[in-house]
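Presented below is the structure to which this report refers.
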Amino acid sequence: MSEHQNSEVITKEKIDKAINLLKEQKPKEREDVSDREAVRKMRRYIEKLTSDKYGYSYDEVSEMLLGLGINLSGSRIKYLIGELKKSSRQRKKAHEEDKSQLLEPTAETQGAVQTSHEADKSSENNGQGKRKSKQATQLQQ
692 MSEHQNSEVI TKEKIDKAIN LLKEQKPKER EDVSDREAVR KMRRYIEKLT
742 SDKYGYSYDE VSEMLLGLGI NLSGSRIKYL IGELKKSSRQ RKKAHEEDKS
792 QLLEPTAETQ GAVQTSHEAD KSSENNGQGK RKSKQATQLQ Q
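Going by my numbering, the final residue of the sequence shown carries number 832, and the count climbs one at a time with no gaps.
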């Protein structure tokens with residue numbers, strides 16, 4: 692193998708400049724997107740047209756898009772909308788669970804507070820109150 696005879700000397704300064712140039716680059720805008728991404732971007736408009744108010748079918752939406760060169764069947768659009776709804780529900784549920792864990796005391800803490808409260812109540816009541824308190828504690832467990 693022969694080395695490049697006409698190669699220029701690469702200095703550390705040039706490398707630093709090259710690194711800065713490369714770091715500053717933004718992602719290229721892609722011309723083509725997946726069918727999933729296309730439907731995700733059009734989702735609100737597709738859902739609007741297929742709502743009871745507008746009454747279009749997914750096949751009719753498919754025909755509209757076909758006129759623009761977007762070849763997606765009505766069943767594919769419907770499937771992708773369902774997948775998007777499912778994933779957004781899962782994200783929302785996970786977000787709500789995270790939020791509720793921060794706001795609510797743990798179950799063990801709640802049980803201890805409730806049990807001590809019931810013990811206070813049962814000591815004030817007669818034997819019948821103690822039985823109710825004991826039943827309520829057993830039901831919680």
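Positions of the beta carbon are idealized from the N, C-alpha and C atoms, including for glycine. In this text the structure is predicted, and so the values were computed from the model without any measurement.
Check: Are there 16 or more other CB atoms within 10 angstroms of the CB of serine 742, so buried, or fewer, so exposed?; Outcome: exposed
Check: Ignoring anything shorter than 4 residues or poking outside the stretch 694-740, list the alpha helix (DSSP H) runs there in chain order.; Outcome: 703-715, 726-740
Check: Who are the near neighbours of serine 753 in its chain, counting only those whose CB is closer than 7 Å to its CB and skipping five residues on each side?; Outcome: Leu763, Ser764, Gly765, Ile768
Check: Please state if the CB of leucine 756 and the CB of tyrosine 747 are separated by a distance shorter than 7 Å.; Outcome: no
Check: From lysine 714 to valine 724, what does the alpha carbon distance come to, in whole angstroms?; Outcome: 25 Å
Check: Which first and last residues belong to the alpha helix (DSSP H) in which leucine 756 is found?; Outcome: 749-757
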